[in-house]
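Numbering (the working numbering), first residue to last: 455 to 712. Read through the structure below, which is laid out as structure tokens, and then see the notes.
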Amino acid sequence: MVWLPCMGARDEVEEHSKQIDREIKQWIKSYNQAIKLLLLGTGESGKTTIIKQMKILHVQGFCASERAEKANLIRHNIHESIHDIVDNMIVLNIPLQNPKNEYSRDYILKLGPEGPTKYSEEYFDHVRTLWRDGGVRECFRRSNEYQLIDSAEYFLDRIDLIEKPDYIPSDADILRCRQKTTGIQKIEFKVKVPKSMHGGVQEFWMFDVGGQRGERKKWIQISPRSWLNPVPEQARSIRKQSGPRSQYCSLLPQLQQL
């Protein structure tokens, strides 16, 4: 005996198939109409900052949970900053202005670059003590001689605010927050076109691909219509990588190798 599906079940399957076809056609239409931008550059050249700016300006900004996540990253940026400074005081032979602050220096160095699992009141007291030390400030002023994130001074000056349990990062804080990009990030947004340019709305797809050397092979996975190359400060070396400085890390040889 052969069992045949009832008409109701067959109609449901056909309707589901048609719905999938409609969604595919709509996606293809959006893909063809969208202007695709791929942000290229070395690590810390500002690619992720541009993505965050577009999110703030055109995609309703950051929600409460996203801001809470950024708060933890900002606290880690503080540790990354003060650890790099006191660590390089040894390399540059810069002594602490107040010898009593050696305990705070050793406390930070023992935590290592990864920092504590929990940022306690005691931890921030040590950071605050060090940031007030003249020797630490001298090492900070010589940060062009070693690797230090651009937002170090900005966040260290705001320790009293950032250490609070209920701290909520502002848009300015989020823009300065540093997190190494891995993989491919994408943001979609729409911008109104001026009437002088025929009006309407233009959709953009913006991609951020990690700029560290290990991430650059992923650039070939995206085929944008426009390529942007944010230029980093020429005097800065590629962060946490050996090799030539950023100004010698040309994009063209990298693209030719892909």
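Beta carbons: idealized from backbone N, C-alpha and C, even for Gly. Predicted, not measured: the structure shown is a model, and the values here were computed from it.
Mapping DSSP to helix, strand and coil, what is GLU466?
helix
Can you find the residues in the same chain that come closer than 6 Å, C-beta to C-beta, to TRP585, ignoring five residues on each side of it along the sequence?
LEU610
Short Cβ contact (9 Å threshold) for GLY589 with PRO648
no
Given that a residue counts as buried once 16 or more other Cβ atoms are within 10 Å of its Cβ, and exposed if not, what is ILE503?
The residue asked about is misnamed: residue 503 is Thr in this sequence, not Ile. Its Cβ being crowded by 16 or more others within 10 Å, THR503 is buried.
Among ARG595, ASN552, HIS533, GLN507, which has the Cα closest to the Cα of LYS572?
HIS533
Starting from GLU607, trace the alpha helix (DSSP H) both ways and give me its first and last residue.
606-610
Within 10 Å of its beta-carbon, does PRO686 have 16 or more other beta-carbons around it, so buried, or fewer, so exposed?
Because PRO686 sits at a pLDDT of 41, beneath the cut-off of 50, its placement in the model cannot be relied upon, and the point is left open.
What does a CB cutoff of less than 8 Å around GLU669 pick up in its chain, not counting 5 residues either side in sequence?
Confidence in GLU669 is poor, its pLDDT being 49 and thus under 50, which makes the residue's placement unreliable; the coordinate value appears in the next sentence. Taken in chain order, the residues that qualify are THR635, THR636, GLY637, VAL663.
Could you please give the first and the last residue of the uninterrupted beta strand (DSSP E) stretch that includes VAL581?
Premise fails: VAL581 lies in the alpha helix (DSSP H), 575-585, not in any beta strand (DSSP E).
For SER574, does the count of other Cβ atoms within 10 angstroms reach 16, so buried, or fall short, so exposed?
exposed
CA-CA distance, ASP587 and HIS530?
21 Å
So, VAL645 versus PHE661, is the Cβ gap smaller than 9 Å?
no
Quick one: grab the DSSP three-state call for GLN473.
helix
What separation, rounded to the nearest whole angstrom, lies between the Cα atoms of PRO570 and ASN547?
26 Å
Beta-carbon proximity check, ARG632 vs SER597, cutoff 9 Å:
no
Since VAL581 contacts ILE539 with CB under 8 Å, what's their CB separation in whole angstroms?
About 10 Å separates the two Cβ atoms, so there is no contact after all.
Spatial distance of TYR577 from MET651 (CA atoms)
55 Å
May I have the straight-line CA-CA distance separating SER624 from GLU520, to the nearest angstrom?
11 Å
Starting from GLU523, trace the alpha helix (DSSP H) in both directions and tell me its first and last residue.
518-545
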